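Asker: One structure, as structure tokens, below. Some questions next.
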Amino acid sequence: MHDVAVESVAERETRPGTLIGQRIPKLDAPEKATGLARYIEDIKLPRMLYGKILFADRPHARILNIDTAEAEALPGVRAVITAADIELVPFGYGQDNTALKKEKVTCIRDEVAAVAADTPQIAAEALKRIRVTYEDLPVVASTDEARAPGAPVIHAKVSDNTPFRYDYAHGDVEQGIRESDVIVEDTYVLQRVAHCCLGTSGIIADFDADGRLTLYSLTQVPFLYKHDLARVIAVPPEKIRIIQPPIGGGFGSKLDIHPFEPICVFLARATRRPVRLVFSREEEFLATPTRQPMVIHLRSGARKDGTFTFRDVHLLLDNGGHTSWGATTPWISMRTFSSLYRVPHVRQHVDVVYTNNPYACAFRGYGNPQATFALESQVDHLAEELGLDPLELRLKNAHEGGDTTPQGMILQTCGLKECLQTAARNAGWKEKRSASNRQSSTVNRQSSVVRGIGMASLFHVGGGAKIYRSDGCGTILKLDDFGGITILTGSSEIGQGSETMIAQIVAEELGLPLKNVRVINNDTDLTPWDVGVHASRTTFVAGNSALRAAREARRKVLEAAAARLKRKPEELDLQEGNVMDRTSGKPLESIGKVIRGLHFGRSKNELIMTTDFYEPASTAPDERHMGNISSCYAFGTHVAEVEVDLETGVVKVLKITAAHDVGRVINRLGIEGQVEGGIAQGIGYCLSEEVKVEGGRVLNPTFTDYKLCTAPDLPELDISFVETHDPAGPHGAKGIGESPLIPVAPAIANAVYNATGVRISELPLTPERVLSKLHEARGESDRRLEIDD
Amino acid sequence: MPDVIDKVELAFTVNGEPVRLRVAPQDTLLHVLREDLELTGTKYGCGEGECGACSVLLDGKVVNSCLVLAAECAGSEVLTIEGLAANGELHRIQKAFVDHGAIQCGFCTPGMIMATCALLRANSSPSEGEIQRALEGNLCRCTGYRKIVDAVRSLAQGGVADA
Numbered sequence: 000m001h002d003v004a005v006e007s008v009a010e011r012e013t014r015p016g017t018l019i020g021q022r023i024p025k026l027d028a029p030e031k032a033t034g035l036a037r038y039i040e041d042i043k044l045p046r047m048l049y050g051k052i053l054f055a056d057r058p059h060a061r062i063l064n065i066d067t068a069e070a071e072a073l074p075g076v077r078a079v080i081t082a083a084d085i086e087l088v089p090f091g092y093g094q095d096n097t098a099l100k101k102e103k104v105t106c107i108r109d110e111v112a113a114v115a116a117d118t119p120q121i122a123a124e125a126l127k128r129i130r131v132t133y134e135d136l137p138v139v140a141s142t143d144e145a146r147a148p149g150a151p152v153i154h155a156k157v158s159d160n161t162p163f164r165y166d167y168a169h170g171d172v173e174q175g176i177r178e179s180d181v182i183v184e185d186t187y188v189l190q191r192v193a194h195c196c197l198g199t200s201g202i203i204a205d206f207d208a209d210g211r212l213t214l215y216s217l218t219q220v221p222f223l224y225k226h227d228l229a230r231v232i233a234v235p236p237e238k239i240r241i242i243q244p245p246i247g248g249g250f251g252s253k254l255d256i257h258p259f260e261p262i263c264v265f266l267a268r269a270t271r272r273p274v275r276l277v278f279s280r281e282e283e284f285l286a287t288p289t290r291q292p293m294v295i296h297l298r299s300g301a302r303k304d305g306t307f308t309f310r311d312v313h314l315l316l317d318n319g320g321h322t323s324w325g326a327t328t329p330w331i332s333m334r335t336f337s338s339l340y341r342v343p344h345v346r347q348h349v350d351v352v353y354t355n356n357p358y359a360c361a362f363r364g365y366g367n368p369q370a371t372f373a374l375e376s377q378v379d380h381l382a383e384e385l386g387l388d389p390l391e392l393r394l395k396n397a398h399e400g401g402d403t404t405p406q407g408m409i410l411q412t413c414g415l416k417e418c419l420q421t422a423a424r425n426a427g428w429k430e431k432r433s434a435s436n437r438q439s440s441t442v443n444r445q446s447s448v449v450r451g452i453g454m455a456s457l458f459h460v461g462g463g464a465k466i467y468r469s470d471g472c473g474t475i476l477k478l479d480d481f482g483g484i485t486i487l488t489g490s491s492e493i494g495q496g497s498e499t500m501i502a503q504i505v506a507e508e509l510g511l512p513l514k515n516v517r518v519i520n521n522d523t524d525l526t527p528w529d530v531g532v533h534a535s536r537t538t539f540v541a542g543n544s545a546l547r548a549a550r551e552a553r554r555k556v557l558e559a560a561a562a563r564l565k566r567k568p569e570e571l572d573l574q575e576g577n578v579m580d581r582t583s584g585k586p587l588e589s590i591g592k593v594i595r596g597l598h599f600g601r602s603k604n605e606l607i608m609t610t611d612f613y614e615p616a617s618t619a620p621d622e623r624h625m626g627n628i629s630s631c632y633a634f635g636t637h638v639a640e641v642e643v644d645l646e647t648g649v650v651k652v653l654k655i656t657a658a659h660d661v662g663r664v665i666n667r668l669g670i671e672g673q674v675e676g677g678i679a680q681g682i683g684y685c686l687s688e689e690v691k692v693e694g695g696r697v698l699n700p701t702f703t704d705y706k707l708c709t710a711p712d713l714p715e716l717d718i719s720f721v722e723t724h725d726p727a728g729p730h731g732a733k734g735i736g737e738s739p740l741i742p743v744a745p746a747i748a749n750a751v752y753n754a755t756g757v758r759i760s761e762l763p764l765t766p767e768r769v770l771s772k773l774h775e776a777r778g779e780s781d782r783r784l785e786i787d788d
Numbered sequence: 000m001p002d003v004i005d006k007v008e009l010a011f012t013v014n015g016e017p018v019r020l021r022v023a024p025q026d027t028l029l030h031v032l033r034e035d036l037e038l039t040g041t042k043y044g045c046g047e048g049e050c051g052a053c054s055v056l057l058d059g060k061v062v063n064s065c066l067v068l069a070a071e072c073a074g075s076e077v078l079t080i081e082g083l084a085a086n087g088e089l090h091r092i093q094k095a096f097v098d099h100g101a102i103q104c105g106f107c108t109p110g111m112i113m114a115t116c117a118l119l120r121a122n123s124s125p126s127e128g129e130i131q132r133a134l135e136g137n138l139c140r141c142t143g144y145r146k147i148v149d150a151v152r153s154l155a156q157g158g159v160a161d162a
């Protein structure tokens, strides 16, 4: 690991014993290592029933009749519900989904009926006894079919099957075209991939006698969720309490309301008993949304010297049968096209089209991995046409700190050039690139394996994303009489390590050992509001809120200590649970004693409790998508080294060298984990993962047929952090959650091109696809030779 | 349907304690551990032996407990994640996972630790390649495996076969 300090760090963070930048094991790790952590599937409430959903299993059909009599008659069945039993309140970004479907189904995962029973086995048996009569409708299996004249209309209120169109522009693309010496044009096809959280989706709904609802939910956005769900289930939001048990992976999958959640509430209401509904792995593959698939048509130009002139973008999204957040991912895609590099003229058009395929939601990167694959593949294509080194071309066009991008994003700090240079230097870019250029000529004749090296960069929000009017987070701190501190934070822990980061920031400020810190972050009755875990925002937003609450508590402790010790607060410091003499470094009194003195004082009695609500200074984008959506921005560069077997088409990633502008490292162990995990997901996205859909049906809903990276796929990693110390970040930190996944696929694809001379613009790079592209490129002469063989 | 087929008597040892109970012939070891014995540290991840979240040791060998019928375990010794820590102290594999940042969402962790336990019992100083292959059947979506492999390597370097 390497560090590149752009500025010197603050004095207090360099003192011995500082927690900032250290390798801090996660606070919840012992609970998880011992098997004691209680995930949703581990929680049983007294009298709890088991819920299960009947899915349509046909892509497009009218529901003529549902007969539940036989299911209801089965002993142990406590409720069977269909759309006829509930109030159908539309939800989701397109308001085109309901918990259960009444008149027709528009994708195979559509929820038609649900059962609550004494055991999961009885619930499963009951589903088999529900008779649904359908009238099948023509299946719209692709965006082409959906937009063809006379195509069946999927949702009546959208007659052209195109519910959303977005346009963005800055500058004048026609002028950019005129000013270009070189223009390239490509089409990129990005597949559906599944989140594959190891813990499947689930929920427990539990009403009390007063009609108050407690939901044990895995949502990443508890406060928005409570608000949105309230309407759907007709329970006032103030009567809903969300408790999040440990969450077995999120990655964006838990950012929306999913139909199984209101369904579970309806079952609990119907039975007046707690109901748990947890998916099987097959249900998880079939009935949870995926990453948004995209077809990206991209044209861009440059002058002879490499200066970018324009970019013309068209995104086509298969929206599937309903709308979740997938339809909004172009909002983030477009920021990469407009602002990863300086480019004066950009135009983007997006069409979002209904089909009878599965639908998509948020997934780590939110439209950015797709955009970055297209853009960074095309930057390499441009570099080749221009005869320039891809590194030099990127450096020439990179933004710098102080820039405001044409889309209105203010880059107070920007480590892109440092990331490019650092990753290139650490990877040995110059030497390896010249050695590997036109690899095929240097291949050992005995071997069919060629090597290549490629790079890609990224741009992403690093200081939250103001999608709503508030992008804030609240914190409540309370110190007890013994030097212990409880932090109530609105932010959620989904495995990413936010709990530990917050504890670290507060402990650092108050000079308390980490073991004295308790974080409560999973109960909306206790914790103050937060937008949720998305947009790589938690370290930045929740960290800032925690820091501000802690600074206020620190001030109060120092004032109390100064009064007791008859010193000035500025002469004192807090370290390792003690009030210290700042000059001599000697401990004077324990913090616990100071607090007890304040609480049980002779003349007055006080407790130390502080609160903070931090609202980042970002602004929500206007109707033209312009604006400073985040308080800071993250950058990074990955260099991939690969081997490609020309006979089998197998691509092996040998090494990823990464450099990320993270502002400042807070927890080194945690941030390394985020980068390493993001790289692994990126490798899967690039090489093997795809939810295969044919005629609206998912063909591979199992881990046998959906190939995730496993331990032996792990390449060598070299990870660096470029510390730009963003003035808005807590201790200078920016968000990092999504960034590491984003540039992996284009870096690998560019390396494959470098190795083979074949540019593949469709993911994943499976052996079959690579081989067929190699064959295509070899052309007729080779093909004839093969026939002769 | 449940209860149609008679339950059978099962006697085996779980985490060093003798256990006797009645199980349905189709019950998996995973089901009996989680539902009958309430040892919920062993996780359901896929139910078809592809993810390794339900890994336990059966007579010292790592198995996917979702693929083993409980009735087959008569007379056997089963070790689950709950059987590792002793006297309130983390087992050294657990401690290595905690200290090396090998745990994020933690759902794969019990299975990973049990697979590690089996590996180290069979081979006290595995190479990096041997570690990667031993953990190939255990999926992790969070960590990218680097820190898991690092944690196991830290134990291998000691070369003590007391896992």
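Line by line, the protein sequences give chains U and X. Per numbering that gives the first Met the number 0, the very first residue in the first sequence carries number 0; after that it's consecutive. Per numbering that gives the first Met the number 0, the very first residue in the second sequence carries number 0; after that it's consecutive. By construction, the Cβ of each residue, glycine as well, lies at the ideal position given by its N, Cα and C atoms. The structure presented is a predicted model; accordingly, all values stated were derived computationally and were not measured.
Let me know if GLN438 (chain U) comes out buried or exposed under the rule of 16 or more other beta-carbons within 10 Å of its beta-carbon.
Answerer: Position 439 of the first sequence holds residue 438 (chain U). For GLN438 (chain U), the pLDDT reaches just 48, beneath the cut-off of 50, and the residue's location in the model is therefore unreliable, although a value from the coordinates is still provided. Under this definition GLN438 (chain U) is a buried residue.
Asker: Where do the N-terminal and C-terminal ends of the alpha helix (DSSP H) with GLY149 (chain U) fall, by residue?
Answerer: Here residue 149 (chain U) refers to the residue found at position 150 of the first sequence. Where GLY149 (chain U) is concerned, there is no enclosing alpha helix (DSSP H), given that its DSSP letter is neither H nor E.
Asker: Please list, in chain order, the chain U residues whose beta carbon lies closer than 8 Å to that of GLY87 (chain X).
Answerer: The count along the second sequence starts at 1 and reaches residue 87 (chain X) at position 88. Chain U residues near GLY87 (chain X): none, gap ~10 Å exceeds 8 Å.
Asker: Please decide whether LYS654 (chain U) counts as near chain X, where near means a Cβ-Cβ distance under 7 Å.
Answerer: As a first step, residue 654 (chain U) is located in the first sequence; it is residue number 655 there, counting from the start. Closer than 7 Å: no.
Asker: Within 10 Å of its beta-carbon, does VAL7 (chain X) have 16 or more other beta-carbons around it, so buried, or fewer, so exposed?
Answerer: Here residue 7 (chain X) refers to the residue found at position 8 of the second sequence. Exposed, because fewer than 16 other Cβ atoms sit within 10 Å of the Cβ of VAL7 (chain X).
Asker: My output table needs one value for GLN438 (chain U): the three-state DSSP class, helix, strand or coil.
Answerer: Working through the first sequence from its first residue, we reach residue 438 (chain U) at position 439. For GLN438 (chain U), the pLDDT reaches just 48, beneath the cut-off of 50, and the residue's location in the model is therefore unreliable, leaving the point undetermined.
Asker: List, in chain order, every chain X residue whose beta-carbon is nearer than 9 Å to that of PHE813 (chain U).
Answerer: Since the first and last residues shown for chain U are 0 and 788, residue 813 (chain U) lies out of range.
Asker: For the segment 697–708 of chain U, which residues have a CB atom closer than 8 Å to at least one CB atom of chain X, in sequence order?
Answerer: For the segment 697–708 of chain U, which is checked against every Cβ of chain X, the residues closer than 8 Å are THR701, PHE702, THR703, LEU707 and CYS708.
Asker: In chain order, what are the residue ranges of uninterrupted beta strand (DSSP E) at least 3 long that sit wholly in the segment 655–729 of chain U?
Answerer: Segments of the beta strand (DSSP E) lying fully in the segment 655–729 of chain U: 715–722.
Asker: Mind checking who PRO17 (chain X) pairs with in its DSSP beta bridge?
Answerer: As a position in the second sequence, residue 17 (chain X) is number 18, starting the count at 1. Answer is X:THR12, bridged to PRO17 (chain X).
Asker: Using a cut-off of 8 Å between C-beta atoms, extract the partners of GLU47 (chain X) located in chain U.
Answerer: Residue mapping note: residue 47 (chain X) aligns to position 48 of the second sequence, counting from 1. Simply ARG280, THR701, PHE702 and THR703.
Asker: Is CYS195 (chain U) close to chain X, meaning its C-beta is less than 7 Å from at least one C-beta of that chain?
Answerer: Within the first sequence, residue 195 (chain U) is the residue found at index 196, counting from 1. Closer than 7 Å to some Cβ of chain X, the Cβ of CYS195 (chain U) qualifies, so yes.
Asker: Under 8 Å by Cβ, that's how I've got ILE504 (chain U) and LEU546 (chain U) pegged, so tell me the actual separation to the nearest angstrom.
Answerer: Position 505 of the first sequence, counting from 1, holds the residue named residue 504 (chain U). Position 547 of the first sequence, counting from 1, holds the residue named residue 546 (chain U). Going by Cβ atoms, the distance from ILE504 (chain U) to LEU546 (chain U) rounds to 5 Å, so yes, they are a contact pair.
Asker: Looking at the structure shown, is PRO586 (chain U) part of a helix, part of a strand, or coil, going by DSSP?
Answerer: Here the question's residue 586 (chain U) lines up with position 587 in the first sequence. In this structure, PRO586 (chain U) counts as strand in the three-state DSSP scheme.
Asker: Between the segment 139–151 of chain X and chain U, which residues of the former have a C-beta closer than 8 Å to a C-beta of the latter?
Answerer: Residues CYS139, ARG140, CYS141, THR142, GLY143, TYR144, ARG145, LYS146, ILE147 and VAL148.
Asker: Tell me the rounded alpha-carbon separation between GLU81 (chain X) and ALA28 (chain U).
Answerer: Residue 81 (chain X) sits at position 82 when you count from the first residue of the second sequence. Residue 28 (chain U) sits at position 29 when you count from the first residue of the first sequence. Those two C-alpha atoms are separated by around 15 Å.
Asker: Are there 16 or more other CB atoms within 10 angstroms of the CB of TYR358 (chain U), so buried, or fewer, so exposed?
Answerer: Taking the first residue of the first sequence as position 1, residue 358 (chain U) is located at position 359. Buried, since its Cβ has 16 or more Cβ neighbours within 10 Å.
Asker: Examine chain X for any beta-carbon lying closer than 7 Å to the beta-carbon of ALA789 (chain U), and answer yes or no.
Answerer: Outside the shown range of chain U (0 to 788) lies residue 789 (chain U), about which nothing can therefore be said.
Asker: Let me know the beta strand (DSSP E) ranges lying completely inside the segment 309–369 of chain U, each 3 residues or longer, listed in chain order.
Answerer: Counting whole runs of 3 or more residues, the segment 309–369 of chain U contains the beta strand (DSSP E) stretches 344–353.
Asker: In the DSSP assignment, find the beta strand (DSSP E) that holds MET454 (chain U) and state where it starts and stops.
Answerer: Counted from its first residue, the first sequence places residue 454 (chain U) at position 455. That run of the beta strand (DSSP E) goes 448–460.
Asker: CA-CA distance, LYS565 (chain U) and ILE484 (chain U)?
Answerer: By 1-based counting over the first sequence, the position of residue 565 (chain U) is 566. By 1-based counting over the first sequence, the position of residue 484 (chain U) is 485. Each residue's alpha carbon lies about 25 Å from the other.
Asker: In angstroms with no decimal places, state the Cα-to-Cα distance between GLY175 (chain U) and THR308 (chain U).
Answerer: Along the first sequence, read from residue 1 onward, the residue named residue 175 (chain U) stands at position 176. Along the first sequence, read from residue 1 onward, the residue named residue 308 (chain U) stands at position 309. Looking at the two C-alpha atoms, the distance is approximately 5 Å.
Asker: Could you name the residues of the segment 25–36 of chain U whose beta carbon sits closer than 9 Å to any beta carbon of chain X, in the order they occur along the chain?
Answerer: From the segment 25–36 of chain U, only LYS25, ASP27, ALA28, PRO29, GLU30, LYS31, ALA32, THR33, GLY34, LEU35 and ALA36 have a Cβ closer than 9 Å to chain X.
Asker: Compile a chain-ordered list of the residues in the segment 174–188 of chain U whose CB is closer than 8 Å to at least one CB of chain X.
Answerer: Those would be none; no residue qualifies.
Asker: Would you identify the three-state DSSP class for ASP41 (chain U), choosing helix, strand or coil?
Answerer: The count along the first sequence starts at 1 and reaches residue 41 (chain U) at position 42. Correct three-state label for ASP41 (chain U): helix.
Asker: Interface residues of chain X around TYR38 (chain U) at Cβ under 7 Å?
Answerer: Residue 38 (chain U) sits at position 39 when you count from the first residue of the first sequence. Chain X residues near TYR38 (chain U): PHE106.
Asker: What residue range does the alpha helix (DSSP H) around LYS60 (chain X) cover?
Answerer: Position 61 of the second sequence, counting from 1, holds the residue named residue 60 (chain X). Counting along the chain, LYS60 (chain X) falls outside any alpha helix (DSSP H), though it belongs to the beta strand (DSSP E) covering 60–63.
Asker: What are the partner residues of LEU571 (chain U), as DSSP defines its beta bridges?
Answerer: Taking the first residue of the first sequence as 1, we reach residue 571 (chain U) at position 572. Answer is U:ASP580.
Asker: From VAL449 (chain U) to LEU53 (chain U), what does the alpha carbon distance come to, in whole angstroms?
Answerer: Residue numbering aside, residue 449 (chain U) sits at position 450 when the first sequence is read from its first letter. Residue numbering aside, residue 53 (chain U) sits at position 54 when the first sequence is read from its first letter. C-alpha separation (whole angstroms): 50 Å.
Asker: In or out: SER200 (chain U) buried (at least 16 other Cβ within 10 Å) or exposed?
Answerer: As a working mapping, residue 200 (chain U) is identified with position 201 in the first sequence. SER200 (chain U) comes out buried.
Asker: Starting from the beta carbon of GLU81 (chain X), find every residue of chain U whose beta carbon is closer than 9 Å, and list them in chain order.
Answerer: Numbered from 1 along the second sequence, position 82 holds the residue referred to as residue 81 (chain X). Chain U residues near GLU81 (chain X): THR33, GLY34 and LEU35.
Asker: What residues match up with GLU134 (chain U) in a beta bridge as DSSP calls it?
Answerer: Locating residue 134 (chain U) in the first sequence gives position 135, counting from the first residue. U:ARG61, per the DSSP bridge assignment.
Asker: Would you verify that the beta carbon of ILE607 (chain U) is, or is not, closer than 7 Å to some beta carbon of chain B?
Answerer: Among the protein chains of the structure shown, namely U and X, there is no chain B.
Asker: So, is the C-beta of ALA639 (chain U) closer than 7 Å to a C-beta in chain X?
Answerer: Residue mapping note: residue 639 (chain U) aligns to position 640 of the first sequence, counting from 1. No, because no Cβ of chain X sits closer than 7 Å to the Cβ of ALA639 (chain U).
Asker: Have a look at X:LEU20, X:CYS141, X:THR115 and X:LEU119 and flag the residue whose alpha-carbon is nearest the alpha-carbon of LEU134 (chain X).
Answerer: The sequence position of residue 134 (chain X) within the second sequence is 135, counting from 1. Checking every option, the nearest Cα to that of LEU134 (chain X) belongs to X:THR115.
Asker: Strictly under 7 Å for the Cβ-Cβ distance: is SER153 (chain X) near chain U by that measure?
Answerer: As a first step, residue 153 (chain X) is located in the second sequence; it is residue number 154 there, counting from the start. False, the Cβ-Cβ gap to chain U never drops below 7 Å.
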